[in-house]
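Trainee:
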Amino acid sequence: MARLRSYAGLVVVPALSILLALLVASFLIILSALVGPEGKFNLALPLVAYWSLLEGALGSLRGIANMIVAATPLVLTGLAVGVGLKAGLFNIGATGQVLLGGFAAALVGERLAGAPPLIAIGGAVVAGILAGALAGFIPGFLKAFTGAHEVVTTIMLNALIQLIISGSVNDVFRAAGPTFARTASVGAAELTGLGETTLHLGVLLAFACVPFSYWLLWRTTLGFEIRAVGANPTAARYAGMSPRRMIMLTMSLCGAFAGMAGAIEILRLGYYPAVFGTSIGFDGITVALLGQAHPIGILFSGLLLGAMRAGAPLMQIEAHVPVEIIDVIQGVILIFLTAEVVVRRVFRLKAARVEAGELQTITRTYGEKVA
Amino acid sequence: MEALFDIPVLGFILQFAAYLVQIITSGHIAPIILGLATPIALGALCGVMNERSGVVNIGIEGMMLFSAYIGFMTALLVHEAYPMETGSVFGATPALLAGVATAIAAGVLISLLHAWLSVTVRADQIISGTIINITALGLTSYLNRLIKPFGSAGTFQSLHPPAALVNLPGVGWVFEMFLSVGPIAMSVIVFIIVSQVLLFRSRWGLRTRAVGEHPKAADTVGINVIRLRYQNVLLGGVFAGLAGAYLTLEATGSFQNGMTAGRGFIALAAMIFGRWTPLGAFGGALLFMGSQALGVAIRLAPPPGDLGTFLSGIQHAYPSLYNNFFGGLPYLITIVVLAGVVGRSVAPAADGRPYEKESAT
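Taken in order, these protein sequences are the chains called A and B. So for the first sequence, our numbering puts the first residue at 1; every next one is plus one. So for the second sequence, our numbering puts the first residue at 1; every next one is plus one.
#1: Quick check on this structure: which residue in A:V13, A:G39, A:I18 has the alpha carbon closest to the alpha carbon of Y50 of chain A?
#2: Would P322 of chain A pass as an interface residue toward chain B - the criterion being a Cβ-Cβ separation below 9 angstroms?
#3: Of all the CB atoms in chain A, is at least one closer than 9 angstroms to the CB of W173 of chain B?
#4: Kindly list, in the order they appear in chain B, the residues whose Cβ is closer than 8 angstroms to that of F41 of chain A.
#5: I155 of chain A touches chain B at which residues, Cβ-Cβ below 7 angstroms?
#6: Mind checking whether S26 of chain A and A319 of chain A have CB atoms under 9 angstroms apart?
#7: Counting Cβ pairs, one atom from each stretch, are 3 or more of them under 8 angstroms apart for the segment 239–246 of chain B and the segment 41–54 of chain B?
#8: State whether the segment 95–105 of chain B contacts the segment 62–79 of chain B, with contact taken as three or more CB pairs (one from each stretch) at a distance under 8 angstroms.
#9: Identify whether P313 of chain A lies in helix, strand or coil by the three-state DSSP scheme.
#10: What I want to know is whether the C-beta of V169 of chain A ends up closer than 8 angstroms to one or more non-hydrogen atoms of the ligand FMN.
#11: Contact defined as beta carbons within less than 8 angstroms: I believe L54 of chain A pairs with A206 of chain A. What is the distance between those atoms, to the nearest angstrom?
#12: Considering only the alpha carbon of each residue, which of A:G114, A:A231, A:L85, A:G128 lies closest to A106 of chain A?
#13: Check whether the segment 190–206 of chain A touches the segment 259–274 of chain A, counting contact only when three or more Cβ pairs, one atom from each stretch, lie closer than 8 angstroms.
#14: Exposed or buried, what is S232 of chain B when buried is set at 16 or more other beta-carbons lying within 10 Å of its beta-carbon?
#15: Specify whether the segment 243–260 of chain B and the segment 17–29 of chain B touch according to this definition: at least 3 beta carbon pairs, one from each stretch, less than 8 angstroms apart.
#16: Going by DSSP, which residues form a beta bridge with P273 of chain A?
#17: Sort B:G170, B:Y246, B:G308 by Cα distance to L387 of chain B and report the nearest one.
#18: Mind pulling the chain B residues with CB within less than 8 angstroms of V328 of chain A?
#19: Just the Cα atoms here: how many angstroms apart are T120 of chain B and S60 of chain A?
#20: Taking contact to mean at least 3 C-beta pairs separated by less than 8 angstroms, is the segment 324–342 of chain B in contact with the segment 163–181 of chain A?
#21: Put V11 of chain A into one of helix, strand or coil per three-state DSSP.
#22: Find the nearest neighbour of R247 of chain A within the set A:I138, A:A312, A:Y271, judged by alpha-carbon distance.
#23: Measuring alpha carbon to alpha carbon, tell me which residue in B:L179, B:G151, B:Q157 is nearest A164 of chain B.
#24: Identify the contact partners of F90 of chain A in chain B, using a Cβ-Cβ distance below 8 angstroms as the criterion.
#25: Measuring CB to CB, does A30 of chain B end up less than 9 angstroms from V188 of chain B?
#26: So, is the C-beta of N324 of chain B closer than 9 angstroms to a C-beta in chain A?
#27: Closer than 9 angstroms, CB to CB, is I325 of chain A near chain B or not?
#28: Go ahead and pull the three-state DSSP assignment for R353 of chain A.
#29: Would you call A15 of chain A buried or exposed, if buried means 16 or more other Cβ atoms sit within 10 Å of its Cβ?
#30: Going by C-alpha distance, which of B:V181, B:L137, B:S152 is nearest S158 of chain B?
#31: Where in the segment 205–284 of chain A do unbroken runs of the beta strand (DSSP E), each at least 3 residues long, occur, reported from the N-terminal end onward?
#32: Taking CB distances under 9 angstroms as the criterion, tell me whether L155 of chain B reaches chain A.
#33: Note down the Cα distance separating G308 of chain B from G11 of chain B, rounded to an integer number of angstroms.
#34: Please determine if the segment 69–89 of chain A and the segment 293–306 of chain A are in contact, where contact requires at least 3 C-beta pairs separated by less than 8 angstroms.
#35: Checking contacts by CB at 9 angstroms: is Y230 of chain B closer than that to chain A?
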């Protein structure tokens with residue numbers, strides 16, 4: 001019963017944070033009508049906007065499929081951030097890991113373009129996973145051996161990886177045919193829709209990572225060590241674990257999830273364009289924090305964000321609210337989530353038991369060497 | 001001297017060093033370096049104010065971005081309502097001045113959120129900062145799409161120092177560096193020196209450092225830890241706001257989504273490189289961004305000899321990678337410096353730790 005109640009506590013605050021964020025965002029939506037072409041004051045517009053958002057995501061089978069396809073990479077980048085949080089690491093470099101993973105998948109997919117589809121897709125996805133793991137390993141290594149904090153190094157790597165890839169697509173890997181700079185088509189490795197829908201094989205792969213990471217974190221020794229290092233690195237070291245090894249391993253694992261997300265996105269597109277921007281890396285931060293860094297929570301918050309992303313275009317058409325409102329909603333959800341006291345005061349909830357929260361351990365290692 | 005250049009490898013390095021000295025002292029590159037370093041130095045100053053009092057601030061990037069947008073939009077709206085001739089001093093117009101003022105106000109407003117989350121709510125400070133970054137990016141992109149700014153309020157102009165000063169042999173380039181720039185870039189050195197002196201020579205500075213190192217001891221001698229942390233975080237917001245104003249009102253005259261492009265994080269690295277001192281952070285900012293100015297310098301005046309042939313060969317074969325290499329150098333140097341400096345450069349002892357006053361029972 002106590003366990004059930006603690007699970008309820010994990011859900012209540014995020015849910016109420018979402019509610020408050022939608023309320024705050026509705027002021028911005030009303031503002032959008034005021035400054036928009038019609039220049040009208042429309043109190044009902046938030047309702048219209050949220051309704052079309054919902055309709056776009058859940059109103060039809062096509063919408064639901066789009067929602068799942070949009071949620072697929074978000075669940076993976078959510079895991080890329082969430083598993084790191086369990087080890088006390090804040091991996092905000094999912095963007096770079098996604099890009100490197102996608103680029104590797106594009107290059108290998110190009111070579112395997114004539115192979116049987118399953119082999120081509122398998123090879124390209126594995127390449128993406130490995131490349132993503134490499135992009136995660138670098139900041140992990142730097143943190144373990146030099147103390148350079150992963151929040152700064154991963155952000156710098158995001159920018160570097162993007163510059164290096166776009167440079168090499170322009171100068172080295174540019175395909176001859178198309179009018180804009182991009183790599184050659186991945187052919188058989190392309191993730192095409194199954195039947196009438198946009199659903200593809202990568203969906204299965206991504207959602208299988210949810211039970212996998214649950215099993216890894218709570219049913220294996222490795223997972224125990226990851227969580228132990230996250231909860232208290234000093235105690236973990238006295239118990240014979242190596243925080244350095246765990247940091248490198250966890251960051252590589254995080255990178256692997258993000259790399260898979262990148263591979264899936266690029267294989268869906270069929271090539272790697274020189275100008276490629278994606279929000280799935282940063283969305284992963286929202287997904288992980290909203291899902292309380294728990295695989296099941298990440299699954300649901302990934303689906304929620306996927307629904308917003310999938311429904312937003314219809315909202316822009318029907319209510320003329322720019323899709324960027326989703327980014328604002330995300331940010332405000334996170335603010336309320338962090339300022340839990342506000343949520344509790346608004347809804348008159350009792351304060352949570354004071355405990356060493358798992359999310360409280362990130363700042364501790366800032367500017368210090370891992371002993 | 002020329003004979004040394006013929007030695008393999010060493011000669012190449014000497015040739016490059018000689019080229020570096022030559023382009024920096026030639027006078028045209030030095031002001032560019034200061035311009036590129038300005039938002040980094042101001043951001044680092046924001047970081048120093050925060051972290052010296054024990055608050056980690058990862059949200060400098062978002063504060064800069066939000067201020068850059070607010071400053072730009074204010075200047076644009078004022079400019080549309082009261083169009084005016086470009087001013088005679090620094091090209092300053094009421095629109096631009098209003099832009100700077102609101103940018104600073106915006107920086108202070110966002111840092112109030114950060115102070116509240118990390119000092120009062122005692123949330124994880126790195127998460128609080130990251131949330132500020134995400135929200136600032138989302139909010140500015142949304143508003144920028146919604147309002148679709150058209151036109152520009154222009155920018156502050158650089159000063160033209162007297163030729164006699166700039167042409168002084170040996171030191172002329174120093175005058176050009178600090179005088180042949182706009183008002184915000186010029187003010188940076190003043191802010192750096194003043195805060196360096198205040199931080200280490202004033203009562204406020206002593207208190208700030210005490211609160212950052214050992215808040216409990218500071219509390220015992222009657223310093224209000226919470227109030228001082230709020231003050232310093234808000235003061236940091238002033239500098240972050242000014243950095244944002246520099247980007248839109250002095251450097252470019254326009255706003256693009258996500259235009260801070262990691263500068264807030266490079267600023268953090270400059271702060272760590274400078275061991276949490278304003279002067280050191282300024283040195284870090286010049287070093288980091290000097291590498292980017294190098295790309296500009298090589299384009300303007302290619303180095304002579306083998307080096308020049310080598311570089312132009314690469315530029316010809318890989319134009320895009322070549323450009324991106326110089327664009328990416330500050331990021332690379334940031335990583336290398338962080339990896340080399342952290343551990344040897346010690347953060348304030350209470351950095352990132354929320355303070356809870358013990359109840360007087």
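We treat Cβ as the ideally placed atom computed from N, Cα and C, and that holds for glycine.
Mentor: In this structure, then:
#1: A:I18
#2: Closer than 9 angstroms: yes.
#3: No - not a single Cβ of chain A is within 9 angstroms of the one on W173 of chain B.
#4: Per Cβ cutoff of 8 angstroms: no residues; F41 of chain A is ~15 angstroms from chain B at best.
#5: Near I155 of chain A (Cβ distances below 7 angstroms), the residues of chain B are G262, F265.
#6: no
#7: yes
#8: By the Cβ rule, the segment 95–105 of chain B counts as touching the segment 62–79 of chain B, because three or more pairs are nearer than 8 angstroms.
#9: helix
#10: This structure simply doesn't include the ligand FMN, nor any ligand for that matter.
#11: Contact doesn't hold; Cβ gap of about 23 angstroms is too wide.
#12: A:G128
#13: yes
#14: Correcting the residue identity first, residue 232 of chain B is Asn in this sequence and not Ser. It is buried - the Cβ of N232 of chain B has at least 16 other Cβ atoms within 10 Å.
#15: No, the segment 243–260 of chain B is not in contact with the segment 17–29 of chain B.
#16: Beta-bridge pairing links P273 of chain A to A:R182.
#17: Not covered by the structure: residue 387 of chain B. The range shown for chain B is 1 to 361.
#18: The answer, in chain order, is T135, G138, L139, Y142.
#19: 46 angstroms
#20: yes
#21: helix
#22: Here residue 247 of chain A turns out to be Ile, not Arg, going by the sequence shown. Nearest of A:I138, A:A312, A:Y271 to I247 of chain A, Cα basis: A:I138.
#23: B:L179
#24: By Cβ distance, chain B contributes I126, I127, T130.
#25: Taking 9 angstroms as the cut-off, the Cβ atoms of A30 of chain B and V188 of chain B do not count as close.
#26: Using a Cβ-Cβ cut-off of 9 angstroms, N324 of chain B counts as an interface residue toward chain A, since at least one Cβ of chain A sits closer than that to its own.
#27: yes
#28: For R353 of chain A, the predicted model reports a pLDDT of 46, less than 50, meaning its position is unreliable; a value from the coordinates is still stated below. Correct three-state label for R353 of chain A: coil.
#29: exposed
#30: Out of B:V181, B:L137, B:S152, B:V181 has the C-alpha closest to the C-alpha of S158 of chain B.
#31: none
#32: Note on identity: in this sequence residue 155 of chain B is Thr, with Leu being the wrong assignment. With 9 angstroms as the cut-off, T155 of chain B does not count as an interface residue toward chain A.
#33: 14 angstroms
#34: yes
#35: Chain A places no beta carbon closer than 9 angstroms to that of Y230 of chain B, leaving this residue out of the contacts.
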